[in-house]
Amino acid sequence: MAKQTWKGGNMLYPLPVVMVSMASAEGRANIITVAWAGTICTNPPMLSISVRPERFSYDILKSTGEFVVNLTTEDLAYATDYCGVRSGKDVDKFKEMNLHEEKASKVKAPLIKESPVNIECKVRKIEELGSHHMFLAEVVAVNVDESYLNEKNKFELSKSNPIVYSHGEYYGLGNLLGTFGYSVKKKK
Ligand SMILES: Cc1cc2nc3c(=O)[nH]c(=O)nc-3n(C[C@H](O)[C@H](O)[C@H](O)COP(=O)(O)O)c2cc1C
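My numbering numbers the first residue of the sequence shown as 86 and each following residue consecutively.
Okay, structure coming up:
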């Protein structure tokens with residue numbers, strides 16, 4: 086198969102697409118959709134989000150040093166897109182999308198009630214990379230929706246129908262292909 090070689094650009098897909106919630110010092114809540122996000126360390130648990138300085142959310146994230154990463158689902162796909170194309174400087178995204186704030190345990194930023202997993206974060210470092218500044222943050226608490234715990238108390242994230250973002254498009258997850266280490270597991 087012939088390949089074309091393109092100039093360098095972002096092509097690491099699919100990605101998680103998350104709704105990042107925050108609150109200003111005055112207590113005004115906002116949500117920004119972020120696809121440039123990732124896990125960066127296990128211990129201490131850390132993740133990163135990369136945000137353009139011109140975003141309305143940027144100053145809130147920088148000044149408060151706190152945010153919540155809310156995982157997205159098929160039910161939340163529309164709101165995920167909306168929060169990525171409308172600005173908190175013009176609209177109240179919680180109100181417009183009928184999303185509800187819930188109190189976090191360790192940060193002042195609110196959780197999004199409708200999201201199955203809310204990851205509370207405290208910013209440890211900001212890397213000014215270029216178009217985007219990367220917020221490296223420690224995960225200080227994780228909240229999971231109990232309705233996805235099975236009888237053995239295992240959290241079944243797939244039951245919440247998570248979505249991914251791939252080259253401008255949102256997708257559901259599709260079929261389970263294997264579990265961690267299945268390629269080397271001895272057959273029974
Ligand atoms: C799927 C998707 C992914 C996005 N990812 C990012 C991102 O990683 N970083 C960023 O700065 N903006 C990203 N955006 C754009 C912001 O979410 C968008 O500009 C938003 O309206 C900013 O909200 P604010 O003005 O309330 O801060 C993304 C938008 C969409 C739809």
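By construction, the Cβ of each residue, glycine as well, lies at the ideal position given by its N, Cα and C atoms.
Endpoints, the alpha helix (DSSP H) within which residue i is located
{"i": "serine 142", "result": "141-149"}
{"i": "glutamate 65", "result": "The structure shown does not extend to residue 65, since the chain is modelled only from 86 to 273, so the question has no answer here."}
{"i": "alanine 164", "result": "162-167"}
CB contact check: residue i to chain B, cutoff 8 Å
{"i": "methionine 96", "result": "Included in the structure is just one protein chain, with no chain B present."}
Status (buried if at least 16 other CB within 10 Å, exposed otherwise) for residue i
{"i": "threonine 158", "result": "buried"}
{"i": "histidine 178", "result": "According to the sequence displayed, residue 178 carries lysine and not histidine. Lysine 178 comes out buried."}
{"i": "phenylalanine 280", "result": "Lying before the first or after the last residue shown, residue 280 is absent from the chain, which here runs from 86 to 273."}
First and last residue of the uninterrupted beta strand (DSSP E) at residue i
{"i": "phenylalanine 220", "result": "218-229"}
{"i": "tyrosine 256", "result": "254-257"}
{"i": "threonine 118", "result": "114-119"}
{"i": "serine 135", "result": "131-136"}
{"i": "threonine 124", "result": "122-126"}
Spatially closest choice to residue i from the options, by CA coordinates
{"i": "alanine 162", "options": "Phe141, Thr118, Cys126, Ser133", "result": "Thr118"}
{"i": "leucine 97", "options": "Ser200, Glu199, Lys210, Ala122", "result": "Ala122"}
{"i": "histidine 252", "options": "Ala114, Ser109, Ala120, Lys92", "result": "Ala120"}
{"i": "methionine 182", "options": "Ser109, Asp160, Gly112", "result": "Asp160"}
{"i": "arginine 113", "options": "Gly257, Pro129, Pro101, Gly173", "result": "Gly173"}
{"i": "glutamate 241", "options": "Thr149, Val229, Leu196", "result": "Val229"}
{"i": "valine 154", "options": "Ala226, Lys92, Lys210, Asn128", "result": "Ala226"}
{"i": "arginine 140", "options": "Gly263, Thr264, His218, Tyr267", "result": "His218"}
{"i": "glutamate 254", "options": "Asp144, Pro101, Met86", "result": "Pro101"}
Short Cβ contact (8 Å threshold) for residue i with residue j
{"i": "methionine 107", "j": "alanine 194", "result": "yes"}
{"i": "leucine 261", "j": "valine 202", "result": "no"}
{"i": "lysine 188", "j": "glycine 150", "result": "no"}
{"i": "isoleucine 277", "j": "leucine 184", "result": "Lying before the first or after the last residue shown, residue 277 is absent from the chain, which here runs from 86 to 273."}
Proximity test, residue i beta-carbon vs ligand 1 heavy atom, cut-off 7 Å
{"i": "valine 136", "result": "yes"}
{"i": "asparagine 95", "result": "no"}
{"i": "tryptophan 91", "result": "no"}
{"i": "aspartate 177", "result": "no"}
{"i": "phenylalanine 141", "result": "yes"}
{"i": "aspartate 166", "result": "yes"}
Residue i: CB within 7 Å of a non-hydrogen atom of ligand 2
{"i": "threonine 158", "result": "Looking at this structure, you won't find ligand 2 anywhere; what it does contain is ligand 1."}
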